[in-house]
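Worksheet: one structure, shown below.
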Amino acid sequence: MGYLGFLFASSAPKPVSLSSSCSSGAWAWRLRYVAFVPLADALPQSAIHDEQPDLTTLYAPKKPIARQPKPPTVPVPMEIVMTILESVYEDENTPSYNALLQNCALVCKSWSFVAQKLLFRNVTLKSQTAAIAFHQAVDRATPRGSQLGDAVVRMKVVLDQNQPYRLSHRSFARAVSLCPNLYELSVSLYGEGAPGFDIIGSPDASRMKRSAPSFDQRTLDILRAGPRISALQFCNWSDNSSSLLQLLDVWPSLSALDISGTTPQLDRDNAEPFPCALRELRTNFQSSPSMEFMRWLLHNSVGSLRVVDFARDPTPDTLDYIVSEHGATLESLAIPTCGAHEAAAAVRRCAGLRELKIEGAWASPALYSSLPSGLQHLAFGVDSDTSLRSVIQAIKKSTDLRVVTMHVWHGGERHPQLSAVKIACALKGVQLRETKDLPAFRSMTRGDPVPTTTYPRTRSFNNLLYMASCAATTH
């Protein structure tokens with residue numbers, strides 16, 4: 009606007025006139041000169057000051073924005089968060105549940121500690137690195153570490169002599185001692201293979217020939233000074249048959265025992281009987297243990313033994329001993345097969361059975377014709393040749409039967425009487441469960457090692473709470 013002053017030159021004292029004496033060329037030159045005269049030169053000084061614009065009226069005033077006050081944030085009570093996370097519990101071995109807790113630990117600071125306490129209920133240690141991190145997390149010198157250590161109810165430990173950074177016996181004992189509420193402990197022992205002969209997937213017999221050291225006295229002292237666990241699972245894949253006896257001597261409070269792998273042997277013939285009164289026993293040995301070992305193990309369990317689970321067929325002498333000495337109190341019995349009449353007769357002697365599990369697809373029809381009246385859970389295998397007529401009759405005559413679990417395999421899904429089993433269960437209001445996977449069948453028929461009056465046993469969060477409370481009352 010400083011230029012083109014001739015457009016605003018209305019107040020000039022003397023307008024320019026077109027004189028006839030001026031030629032057209034001169035006029036054009038003069039007009040061009042005036043057009044580029046600065047505004048300060050074209051207008052008087054007073055006009056410049058009088059024409060100052062009012063900057064306040066160039067734009068309309070903005071309306072004030074009415075901001076709504078933010079409502080106060082109310083944090084979700086931690087009791088509700090705990091209830092939500094506990095309600096989705098299915099099985100701590102399920103990766104989806106652990107993944108959920110890991111994601112919840114990243115939501116916020118208050119959720120982090122709650123989710124971590126749930127994660128620490130079930131701990132697995134497979135290396136020295138994991139043990140060091142666990143020791144730091146449950147440091148009893150800090151309040152947070154003490155609470156995380158108190159939350160541990162289950163612990164799984166792998167002692168593998170083939171690993172370069174394997175978990176040491178002393179670190180294992182130290183980890184156990186940092187968990188005062190520990191209820192269930194699982195220990196897997198793997199021997200060290202010879203150089204060049206450690207073949208993955210080798211047969212069980214060759215794996216059990218590997219050597220593994222026994223627990224030293226310092227390790228046993230640390231374990232003995234730690235929590236009094238109630239359930240022990242020991243899987244031995246080495247030639248060391250004394251490790252089991254060492255651990256059994258540490259915890260006289262055991263009520264549930266699960267042992268597999270190398271067949272244990274007594275160190276001396278005049279050994280004192282095992283002091284624990286077991287409530288449940290599960291075995292999975294490569295070869296049947298001696299009768300001396302079974303008598304030594306169950307000497308003080310007369311009247312208390314409720315659950316017996318044989319993953320491999322027991323010898324006739326072993327089965328007869330179990331039924332003769334403990335059949336009156338047995339509530340759950342699991343055997344791989346029951347085709348022989350002697351085995352069926354032994355099972356019929358257990359009049360108080362509430363659960364019977366037979367993995368094999370063939371069982372004596374005489375067995376199902378005289379099942380105990382209080383049976384609540386029946387589990388069996390089905391293939392294309394299984395005789396189901398006696399099973400259907402047993403379901404129809406049952407009064408307390410709640411659940412039937414079938415392992416369908418080898419063409420069992422095309423069995424002509426399978427639909428009749430489904431109809432019989434539906435008419436009696438019995439839940440029918442089917443699976444084609446043997447590990448899934450075993451998982452469905454095994455529950456937490458806690459006392460129960462109903463079968464089949466389950467894995468539930470209430471059982472975890474019971475484990476924690478039971479461990480706390482033993483201190």
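Letter by letter, the sequence shown follows residues 9 to 483 in the numbering used here. Every residue gets a Cβ at the ideal spot worked out from N, C-alpha and C, and that includes glycine.
Here's the rule I'm using: 16 or more other beta-carbon atoms within 10 Å means buried, otherwise exposed. How should residue i be labelled?
i, result
"I92", "exposed"
"C433", "buried"
"M302", "buried"
"C116", "exposed"
"S309", "buried"
"K78", "exposed"
"N470", "exposed"
"K365", "buried"
"L435", "exposed"
"R357", "exposed"
"R81", "It is worth fixing the name first, because residue 81 is Thr in this sequence and not Arg. With fewer than 16 Cβ atoms within 10 Å of its Cβ, T81 is classed as exposed."
"I403", "buried"
"L114", "exposed"
"R276", "exposed"
"S340", "buried"
"L286", "buried"
"S332", "exposed"
"M475", "buried"
"G157", "buried"
First and last residue of the alpha helix (DSSP H) that includes residue i?
i, result
"F121", "K117 to L127"
"R320", "That residue, R320, is in no alpha helix (DSSP H); it is neither H nor E in DSSP."
"L231", "Q225 to R232"
"E87", "M86 to S95"
"H177", "H177 to S185"
"P80", "Segment: none, P80 is in no alpha helix (DSSP H) and carries neither H nor E."
"Q537", "Nothing about residue 537 can be read from this structure; the chain reaches only from 9 to 483."
"P151", "P151 to A159"
First and last residue of the beta strand (DSSP E) that includes residue i?
i, result
"N106", "No beta strand (DSSP E) contains N106, which is instead part of the alpha helix (DSSP H) from P103 to C112."
"T132", "N130 to L133"
"R162", "R162 to D168"
"S194", "E192 to Y198"
With a CB to CB cut of under 8 Å and the five nearest residues on each side skipped, what residues in its chain are close to residue i?
i, result
"L446", "E367, H415 and W417"
"V122", "M86, V89, M90, L93 and C112"
"Y198", "V166, L167, D168, Q169, N170, R215, R218, A220, W245 and S246"
Ignore the nearest five residues each way along the sequence and tell me which others in residue i's own chain have a CB closer than 6 Å to its CB.
i, result
"L305", "F282"
"H307", "P281"
"Q384", "R362, D408, R410 and Y463"
"F388", "I366"
Less than 7 Å separating the Cβ of residue i from some heavy atom of the ligand MN?
i, result
"S378", "This structure does not include the ligand MN; it has no bound ligands of any sort."
Leaving out five residues before and five after residue i in sequence, what residues of the same chain have Cβ atoms less than 7 Å from its Cβ?
i, result
"G153", "A145, V146 and D147"
"R320", "N292, F293 and P344"
"S477", "none"
So is residue i in contact with chain C if we call contact Cβ pairs under 8 Å?
i, result
"L190", "Structure shown: chain C not included; a single protein chain is present."
Run through the region 394 to 468 for me and flag every whole alpha helix (DSSP H) of 4 or more residues, listed as ranges in chain order.
-> 397 to 405, 426 to 436 and 446 to 452
Given 8 Å, three or more beta-carbon pairs between the region 176 to 188 and the region 247 to 255 | no
Given 8 Å, three or more beta-carbon pairs between the region 154 to 170 and the region 119 to 131 | yes
Length at least 4, wholly inside the region 238 to 298: the alpha helix (DSSP H) runs in chain order = 251 to 258
Taking the runs of the beta strand (DSSP E) that are 3 residues or longer, which of them lie wholly in the region 333 to 403?
-> 340 to 343, 363 to 366 and 385 to 390
Validate contact between the region 379 to 392 and the region 354 to 371 using beta carbons, cut 8 Å, 3 pairs | Taking 8 Å as the limit for Cβ pairs, the verdict is that the region 354 to 371 does touch the region 379 to 392.
Using 8 Å as the threshold, is the region 180 to 196 in touch with the region 230 to 250, meaning 3 or more CB pairs across them?
-> They touch, by the three-pair rule.
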